[in-house]
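The block underneath contains the structure these notes are about, expressed in C-alpha cells.
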Amino acid sequence: MFRRRLMQWYRANARKLPWRGVTDPYRTWVSEIMLQQTRVAAVIEHYHDFLRKFPTIVALSLAPEAEVLAAWSGLGYYRRARMLHKASQFIVRERGGSLPTNEAGLRTLPGIGEYTGAAIASIAFGESIAVVDGNVERVILRITGRPQLATAAGRAFIQEQAQTLVPKKKLAHGVNAAGDHNQAMMELGATVCLPKGPLCGGCPMYWQCATRGEHVTAPRAVQRSLPAAFLLSLRKRGTATDVLLHRRDAAESLMAGMFELPPLPEEAVTGREPLLRVRHSITNTNYYVQVFAARGPRDKKMRLATTGKEEALEWVQTNRLAQQPLTGLARKVLQRLDVMEVRGIRLEDVEPEETTEPEGSLVVMDEDDY
Ligand code: SF4
0 MFRRRLMQWY RANARKLPWR GVTDPYRTWV SEIMLQQTRV AAVIEHYHDF LRKFPTIVAL
60 SLAPEAEVLA AWSGLGYYRR ARMLHKASQF IVRERGGSLP TNEAGLRTLP GIGEYTGAAI
120 ASIAFGESIA VVDGNVERVI LRITGRPQLA TAAGRAFIQE QAQTLVPKKK LAHGVNAAGD
180 HNQAMMELGA TVCLPKGPLC GGCPMYWQCA TRGEHVTAPR AVQRSLPAAF LLSLRKRGTA
240 TDVLLHRRDA AESLMAGMFE LPPLPEEAVT GREPLLRVRH SITNTNYYVQ VFAARGPRDK
300 KMRLATTGKE EALEWVQTNR LAQQPLTGLA RKVLQRLDVM EVRGIRLEDV EPEETTEPEG
360 SLVVMDEDDY
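The numbering of the sequence shown is numbering that gives the first Met the number 0, which starts it at 0 and goes up by one.
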C-alpha cells in the first residue's frame, strides 16, 4: 500500500530532471556525483555542459585534470571531480570501459561511498538496495514518528526501514522498480516533506504518517565565521585584459591546484574599503570575504602583500576564465564584478597613470606596470 501510493504520487508529480529516465549508467553516475551536497538547480546548470565536454567514460578518462576541474567550477567540493576523473581512468584501464553493475562493485571505485553506490546500483542497474540521503531519512523519521538520533543505532534504524520498503524484484516488465522507488522517496522529501514547513496537506503519506509536521532533530554542528581577504588585480594588454590569479598548492587538502584570487593578510587591508563583500559558506564555516582592488598602477603594495607564493601567481586572460579551474569563491567574485567576460569593465575609462582613484574603484593596469 505504501509503495503503491508513493509511486502513484511520483508518476504524477515528479520534477522533470535531465538525468531522470536516462539509460546510460555513465550519465547516472555523473549526476549522482554532482548531486552530492549540491542543489539541484546548480547541478542542472553544469550537467549538460559537462556531458557535452565529456560524453563518455573514455572521453572523461582522456581529458587533462585541469579541464575536468574547469567544467566542475561552480559546483564546489572539487575532490568529487578528481575522484570521478580517476575512477573513469580506472574503469577504462581495468574494466574495458564498463561500470560495475552492483553496489559492492561500484564502491570499489574512487569517490563512490555507501549512498552513491546504492543510488547508481538501483537507478542504473535496478538493484534492490535502499538509497538513504537526508530526504529519505527525514521522510522515514516523520512517518515512523521517531526523533533523529545522531548515533549508529539511529542510522541503522533508518537503513533497515528504508531497505524494508524497497521492491525486491530487480526489473519487472522493463520497469526499474527499485530505482523508481528510491527516486520517489527522495523526491517526496525534496518537494513535499520539506525540512521546514512540510506540505502535509498534499502528502500522499498523510494517513500513514505518525508526525504530520516537523520532527525532533539532533542538534546541528555549530557554524564558524571566518574573515578572508583577496586581491583583485587587472592589467590591460592591447585589447585583452588579464586578471592576476593564484594557483593553490597541489598538496592542499581543499581545492588543490585550483585558481583563486591572490589571498591577502589582515594587516594589508586594515583601514581600506573593499570593492566587494561576499559571504561564502563551505560546510560548517561561513567566510566573510572582502575583495580589494589595487589602487593605482604604482600601488604594488597590495600585490606584494599577498600570502600566495610568487611562483604560483599567474596572469590569466579574462575571456579564458570560463575554461579555468576556478574555485567557487573566485568564480562568484569574478562574476559579480563582471570580470568573467569583462562586460562591466569600461576599458576606455581607465587612466593607467592615475594614482588617486578613490578607495574601492576598479582599476585596470597596463602590462608594463608589472
Ligand atoms: S504527512 Fe507531512 S510529515 Fe508526514 S511524510 Fe507527509 S509531508 Fe512529511
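All residues carry an ideal CB built from backbone N, CA and C; glycine is no exception. Note that the structure is predicted; figures quoted are calculated from it, not measured.
{"Check": "Do residue 217 and residue 160 come within 8 angstroms of each other at the CB atom, strictly closer than that value?", "Outcome": "no"}
{"Check": "Using alpha carbons as the reference points, say which of 231, 167, 197 and 246 lies closest to residue 240.", "Outcome": "231"}
{"Check": "Does the stretch 186-206 come within contact of the stretch 251-258, defined as at least 3 CB pairs closer than 8 angstroms?", "Outcome": "no"}
{"Check": "Assuming contact is defined by CB atoms lying nearer than 8 angstroms, are residue 126 and residue 177 in contact in what I supplied?", "Outcome": "yes"}
{"Check": "Which residues does DSSP pair with residue 286 in a beta bridge?", "Outcome": "225 and 279"}
{"Check": "Quick one: what's got a C-beta closer than 7 angstroms to residue 207's C-beta in the same chain, skipping five residues either side?", "Outcome": "1 and 142"}
{"Check": "DSSP three-state call for residue 217: helix, strand or coil?", "Outcome": "coil"}
{"Check": "Is it buried or exposed for residue 318, if we count other Cβ within 10 angstroms and need 16 for buried?", "Outcome": "exposed"}
{"Check": "What does residue 392 pair with, by DSSP beta-bridge criteria?", "Outcome": "The chain is shown only over 0 to 369; residue 392 falls outside these bounds and no answer can be derived."}
{"Check": "Please list the segments of the beta strand (DSSP E) lying wholly inside the stretch 68-99, counting only runs of 3 or more residues, in order along the chain.", "Outcome": "none"}
{"Check": "Would you call the CB atoms of residue 116 and residue 106 closer than 8 angstroms?", "Outcome": "yes"}
{"Check": "According to DSSP, is residue 235 helix, strand or coil?", "Outcome": "strand"}
{"Check": "So which of 183, 330, 13 and 10 has the shortest CA-CA distance to residue 134?", "Outcome": "183"}
{"Check": "Starting from the C-beta of residue 88, find all residues in its chain whose C-beta is less than 6 angstroms away, skip the five residues before and the five after it, and write them out in chain order.", "Outcome": "60"}
{"Check": "Going by other Cβ atoms of all chains shown within 10 Å of its Cβ, with 16 needed for buried, is residue 303 buried or exposed?", "Outcome": "exposed"}
{"Check": "Verify the contact flag: residue 204, CB atom, against every heavy atom of the ligand SF4, threshold strictly below 7 angstroms.", "Outcome": "yes"}
{"Check": "Just curious, the alpha helix (DSSP H) that residue 34 is in, first and last residue?", "Outcome": "24-34"}
{"Check": "Using only the alpha-carbon positions, how far apart do residue 236 and residue 186 sit?", "Outcome": "51 angstroms"}
{"Check": "From which residue to which residue does the beta strand (DSSP E) around residue 274 run?", "Outcome": "No beta strand (DSSP E) contains residue 274, which DSSP labels as neither H nor E."}
{"Check": "How would you write the range of the alpha helix (DSSP H) that residue 382 sits in, first residue to last?", "Outcome": "Here the chain has residues from 0 to 369 only, and residue 382 is not among them."}
{"Check": "Assign residue 25 to buried or exposed, taking buried as 16 or more other Cβ atoms, counted over all protein chains shown, within 10 Å of its Cβ.", "Outcome": "buried"}
{"Check": "In the DSSP assignment, find the unbroken alpha helix (DSSP H) run with residue 312 in it and report its ends.", "Outcome": "Counting along the chain, residue 312 falls outside any alpha helix (DSSP H), though it belongs to the beta strand (DSSP E) covering 312-316."}
{"Check": "Are there 16 or more other CB atoms within 10 angstroms of the CB of residue 225, so buried, or fewer, so exposed?", "Outcome": "exposed"}
{"Check": "Apart from the five residues just before and just after residue 129, which ones in its own chain have a Cβ nearer than 6 angstroms to its Cβ?", "Outcome": "161, 162 and 165"}
{"Check": "Let's see if you can read the secondary structure: which residues bound the alpha helix (DSSP H) around residue 300?", "Outcome": "300-304"}
{"Check": "Counting only the same chain and skipping the five closest in sequence on each side, list residues whose C-beta sits under 7 angstroms from that of residue 131.", "Outcome": "114, 157, 158 and 161"}
{"Check": "Whose C-beta lies closer than 7 angstroms to the C-beta of residue 69 among residues of the same chain, with five residues either side of it excluded?", "Outcome": "322, 323 and 324"}
{"Check": "So which of 219, 280, 284 and 228 has the shortest CA-CA distance to residue 305?", "Outcome": "228"}
{"Check": "Determine the closest residue to residue 250 out of 78, 57, 42 and 73, with distance taken between C-alpha atoms.", "Outcome": "78"}
{"Check": "Could you have a look at residue 38 and say whether DSSP puts it in helix, strand or coil?", "Outcome": "coil"}
{"Check": "Between residue 144 and residue 209, how many whole angstroms is the CB-CB distance? I'm expecting something under 8 angstroms.", "Outcome": "3 angstroms"}
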